[in-house]
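> The opening residue of the sequence shown carries number 11 in my numbering; numbering runs sequentially from there.
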Amino acid sequence: SYSTIIVGSSFNLTTDVATKADVSLYLNNETITSAGSSIVNNLGNLTIYSGENGKIKETSGSYAPLYVYRNTVIESGTIEATSGVAIEMYYNTANLVINNGKIDAGSYGVRMNNGGVVVLNDGEINATGKGIAAFEDAVVEVNGGKITAGGIGITGNGTEENAGPIFNIDGG
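Take a look at the structure:
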């Protein structure tokens, strides 16, 4: 069963927030802002409902506003990194589904470290560097939505052992 967190007003975060349980996060068009800490360090299953104007924002460029270790679904709102990576993914247990909403990044939109899966069904990824960087045995599926990047839209590399990432693009 999921726990529910409802944000009643915008606020500045001064320390990391780590979820170790299954959580539904409702931002209700409010903004969580951080300068130097992770907004959501996801160790459980997480679903984000932000509303049209809701936002998770990191302003220092030091940390990503969202770290993904397990299943994460973005239903609406914006994940923003003013000068850094917007979403960092770790391990092959990391799964990110973007059904709607926007990712704005000062460098990488999504950086997949050590595998995992990204599915873009709708919404958009805007990055001044790379839209999605997939490493090791990562899988990227684009079924819709839009990726705009100042550098490369989708890129990846891997090792001889795993033959690198897999890209499936069908729409978008």
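Note that beta-carbon positions come from the ideal geometry of N, C-alpha and C, so glycine has one too.
Kindly indicate which three-state DSSP category Thr138 falls into: helix, strand or coil?
What you label residue 138 is simply residue 128 of the sequence shown in a count that begins at 1. Thr138: coil per DSSP, three-state reduction.
> Is the separation between the beta-carbon of Tyr59 and that of Ser34 shorter than 9 Å?
Walking along the sequence shown from the start, residue 59 turns up at place 49. Walking along the sequence shown from the start, residue 34 turns up at place 24. Yes, they are a contact pair.
> Indicate whether Val149 and Ile135 have their beta-carbon atoms separated by less than 9 Å.
Counting from 1 along the sequence shown, the entry for residue 149 is found at position 139. Counting from 1 along the sequence shown, the entry for residue 135 is found at position 125. No; because the gap between Cβ atoms is not below 9 Å, this pair is not in contact.
> Taking the straight line between their C-alpha atoms, what separation do you get for Asp114 and Val107?
Sequence index remark: in the sequence shown, residue 114 carries index 104 (1-based). Sequence index remark: in the sequence shown, residue 107 carries index 97 (1-based). So the alpha carbons of these two residues sit roughly 16 Å apart.
> For Gly94 and Gly116, which I take to be in contact (beta-carbon distance under 8 Å), what is that distance rounded to the nearest angstrom?
Numbered from 1 along the sequence shown, position 84 holds the residue referred to as residue 94. Numbered from 1 along the sequence shown, position 106 holds the residue referred to as residue 116. With 8 Å as the limit, Gly94 and Gly116 qualify as a contact, their Cβ atoms being about 6 Å apart.
> Could you give the C-beta distance for Phe177 and Ile164, rounded to a whole number, given that I count them as a contact under 8 Å?
To locate residue 177, count along the sequence shown from 1; it is residue 167. To locate residue 164, count along the sequence shown from 1; it is residue 154. Indeed, because the Cβ distance is near 6 Å, the residues count as touching under 8 Å.
> Does the Cβ of Tyr216 have 16 or more other Cβ atoms within 10 Å, making it buried, or fewer, making it exposed?
As displayed, the chain neither begins before 11 nor continues past 182, which places residue 216 out of reach and without an answer.
> Does DSSP classify Thr14 as helix, strand or coil?
Mapped onto the sequence shown, residue 14 falls at position 4. Strand, per DSSP.
> Based on Cα-Cα distance, which residue from Glu146, Gly166, Ile179 and Val17 lies nearest to Gly155?
Sequence index remark: in the sequence shown, residue 155 carries index 145 (1-based). Measuring from the Cα of Gly155, the nearest candidate turns out to be Ile179.
> Exposed or buried, what is Ala42 when buried is set at 16 or more other beta-carbons lying within 10 Å of its beta-carbon?
The residue given as residue 42 occupies position 32 in the sequence shown. Going by the sequence as given, residue 42 is Ile instead of Ala. Buried.
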